[in-house]
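In our numbering, the protein residues as written are 150 to 234.
Built from N, CA and C at the ideal position, the CB exists for glycine as well.
What follows is a single structure, written as structure tokens, with notes after it.
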């Protein structure tokens, strides 16, 4: 008789666990808006900052490229005058 009672209890516990699981799932479905972050769909700020720094570094790359061309021009110019002087 004890064995039968133990089996009944185990089955009832399994049903209780299943019911608790279903209740938990339904509760999450009802209150999902409380779980999600309010700005989940928006872009984070670090993307804006990295975009700014990329533009900034691009500017400095162009700037250094300009000075490289400029110094190259003066090197050619001084070389020309050294030859013809």
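Rounded C-alpha distance that separates residue i from residue j
| i | j | result |
| --- | --- | --- |
| residue 171 | residue 161 | 15 Å |
| residue 208 | residue 230 | 33 Å |
| residue 179 | residue 164 | 22 Å |
| residue 215 | residue 177 | 59 Å |
| residue 151 | residue 158 | 11 Å |
| residue 203 | residue 227 | 36 Å |
| residue 206 | residue 223 | 25 Å |
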